[in-house]
Amino acid sequence: MPNNQAHVFNPGELETQQMYKILIGSVVPRPIAWVSSKSKDGVLNLAPFSFFTVASRQPPTLAVSIGPGVQEREGTIKDTLTNIRETEEYVINVVPEALGNAMHESSMHVAFEKAELTPEPSETISVPAVQESPIAFECKLDRIIPVGTDHMVLGQVLRARVDDAAYAGNFKTDIVKWKPLARLAGDYAALTPSFRLPKE
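For the record, in the sequence shown the residue sitting at position 33 is 33 according to the UniProt record's numbering, with numbers rising by one throughout.
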């Protein structure tokens, strides 16, 4: 039976921002794709996106959804999307807790250096990774799919770099060591101790 105490929201009756708040406050926690890209003129860009997941196991493919610009850039196309369209290559870096402030700085459209980060040359593409990030995926563009107001970017992983400090062996990473940062609605979260199901 329906819960009489529930709040019901019909997207067609709401403003975009109102439904967006419901979505980002409910689909949590979200991993963060810290995307480094380069314009056709060689200008580097670094920006975080939390609409991020694995799209395919074989070939290994990652999905990042990129929305339009907000605030002073409202309605514009983000530099990351423009760069990926032009060069068809980029790097997805992960964000540990320790790099939270630097990641936040990069969301303000600052360069690598201003965020006190080091570009690390990639092996398969011309776009650098973030040296300080414990895990980086060098990607080539597979396709860009328009979805409503946003664009879903699918990228095939050409190379994955996992620092020794984040590696647990047997092709597994150690999340206790690298401490991934998660996105909530407006805030961020760290992982609590993990557990297996069913619980005893």
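Using N, Cα and C, we set each Cβ at its ideal position, and we do this for glycine too.
Just so it is clear, the structure is predicted and the values come from calculations on it, not from any experiment.
Kindly list the residues whose CB is nearer than 7 Å to the CB of residue i, restricted to its own chain and excluding five residues on each side of it in sequence; keep chain order.
{"i": "residue 72", "result": "Annotation note: pLDDT 45 at residue 72 (below 50); position unreliable, coordinate value reported separately. Hits under 7 Å: none found."}
{"i": "residue 189", "result": "29, 182"}
{"i": "residue 20", "result": "none"}
{"i": "residue 166", "result": "134, 135, 173, 174, 177, 178"}
{"i": "residue 9", "result": "19, 22"}
{"i": "residue 137", "result": "62, 91, 92, 157, 160"}
If distances are taken between C-alpha atoms only, which option among the options comes closest to residue i?
{"i": "residue 107", "options": "20, 97, 80", "result": "80"}
{"i": "residue 123", "options": "158, 198, 12", "result": "158"}
{"i": "residue 139", "options": "45, 84, 112", "result": "84"}
{"i": "residue 26", "options": "113, 51, 169, 91", "result": "51"}
{"i": "residue 110", "options": "44, 164, 193, 152", "result": "44"}
{"i": "residue 114", "options": "102, 185, 120, 125", "result": "102"}
{"i": "residue 56", "options": "150, 163, 162, 155", "result": "155"}
{"i": "residue 16", "options": "5, 41, 149, 162", "result": "149"}
{"i": "residue 97", "options": "196, 168, 24, 34", "result": "34"}
{"i": "residue 233", "options": "60, 7, 48, 14", "result": "In this structure the chain extends from 1 to 200, so residue 233 is not present and cannot be described."}
{"i": "residue 32", "options": "6, 12, 185", "result": "185"}
Apart from the five residues just before and just after residue i, which ones in its own chain have a Cβ nearer than 8 Å to its Cβ?
{"i": "residue 100", "result": "181, 188"}
{"i": "residue 39", "result": "45, 79, 82, 83, 86, 87"}
Quick test of your reading: residue i and residue j, contact by CB under 8 Å. State the CB separation rounded to the nearest angstrom.
{"i": "residue 54", "j": "residue 92", "result": "In fact, because the Cβ distance is near 11 Å, the residues do not count as touching under 8 Å."}
Using a Cβ-Cβ cut-off of 6 Å (strictly less than) and excluding sequence neighbours within five positions of residue i, which residues of its own chain qualify?
{"i": "residue 119", "result": "112, 128"}
{"i": "residue 163", "result": "134"}
Just grab the DSSP bridge partners of residue i for me.
{"i": "residue 190", "result": "181"}
Considering only residues of the UniProt domain "Flavin reductase like" (25-173), which uninterrupted beta strand (DSSP E) runs meet the minimum length of 3 residues and lie entirely inside it, listed in chain order? Taking only runs of at least 3 residues, the beta strand (DSSP E) segments lying wholly in the UniProt domain "Flavin reductase like" (25-173) are 33-38, 44-49, 52-56, 61-66, 89-93, 135-147, 150-162, 167-169.
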